[in-house]
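Chains V and Z are the protein sequences, given in the same order. For what it's worth, this note's numbering labels the leading residue of the first sequence as 2, then goes sequentially. For what it's worth, this note's numbering labels the leading residue of the second sequence as 751, then goes sequentially. Yeah, the Cβ is synthetic: ideal placement off N, Cα and C, and Gly gets one too. These numbers were taken from a predicted model, which means no experiment stands behind them. Here's the structure, in structure tokens; my notes come after.
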Amino acid sequence: MNENRRQILEMLSAGKITADEAERLIAALEKEPSSAGSTPAGSKLAPKYLRVVVDADETAHGDTLTKVNIRVPLQLLRAGVRLAGLIPQDAREHVNAALREKGIAFDVSQLKPENLEELIEQLNDLTVDVDHAKGQVRVKVFCE
Amino acid sequence: MIPMLIVLRVCGPRRISLWLPLFLVWLLLLPVVLALLPFALVALLIVRMDPWRTFAAFWGVLAGTRGTHIEVSTPASSVFIHVY
Chain V
2 MNENRRQILE
12 MLSAGKITAD
22 EAERLIAALE
32 KEPSSAGSTP
42 AGSKLAPKYL
52 RVVVDADETA
62 HGDTLTKVNI
72 RVPLQLLRAG
82 VRLAGLIPQD
92 AREHVNAALR
102 EKGIAFDVSQ
112 LKPENLEELI
122 EQLNDLTVDV
132 DHAKGQVRVK
142 VFCE
Chain Z
751 MIPMLIVLRV
761 CGPRRISLWL
771 PLFLVWLLLL
781 PVVLALLPFA
791 LVALLIVRMD
801 PWRTFAAFWG
811 VLAGTRGTHI
821 EVSTPASSVF
831 IHVY
């Protein structure tokens, strides 16, 4: 039990405060962030970067030969989405047609900042392991 | 805040290490940008784009590049780019 809460209950049992006062004090305690420095479960700092880490083991004995480490600020992605939102409608159609030609069925007009936020939220920790003939490639995409 | 410095290192058959002071580039580009600004404004109004939102978006992209880090290494060569 929390030390402050115990003190309030002791004061209540000793008759120093009334039940109403104890209730108010406990409610006030619950509103305050924990003074012990522990963060409540589930609260996380907002991610600032998108990281892509690739480790490729290309030898039979598992030595990592190729490494890729990319860190992209999420602010850049947000700005890019905002910029995409400014593309005029006829230009968007050209972009969509070009994407379709490449086999990507994607509508640029559907790209909205709130979609990006949702993606970032979901992209807490994504790891993709790719096996190929020469060895193993580990791709990790996450936000930090 | 826009990026002020880029560090570029390429290790391979030839070793290249560059520190590019972008703040000097911005200072050099500033008169050009100011001279072109009225033309850009007119062009944006012609294509019916909000100039303020457009400039803000470009500034956001420019400012967003700060903190970018790219590191690729292979047994033969490696590339390191960091935007400060």
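- Cβ atoms of V:I121 and V:P48 come within 8 Å of each other, at about 6 Å.
- Counting along the chain, V:A57 sits inside the beta strand (DSSP E) bounded by residues Y50 to D58.
- When 9 Å is used as the limit between beta carbons, V:N70 is near these residues of chain Z: H819, I820, E821, V822 and S823, in chain order.
- Contact check for Z:A807 against V:R6 fails: the beta carbons are separated by 7 Å or more.
- Along the region 64-140 of chain V, the alpha helix (DSSP H) occurs as fully enclosed runs of 4 or more residues at 75-85, 90-102 and 114-123, listed in sequence order.
- Among the CB atoms of chain V, one or more fall inside 7 Å of the CB of Z:A807.
- One finds L87 in chain V with Cβ atoms closer than 7 Å to the Cβ of Z:R803, taken in chain order.
- According to DSSP, Z:L770 shares a beta bridge with Z:I756.
- In the same chain as V:N70, and ignoring 5 residues on each side of it, the C-beta atoms closer than 7 Å to its own belong to V54, in chain order.
- At a C-beta separation below 9 Å, V:G136 has no neighbours in chain Z, since its nearest C-beta there lies roughly 13 Å away.
- Closer than 7 Å to the CB of V:V73 there is at least one CB belonging to chain Z.
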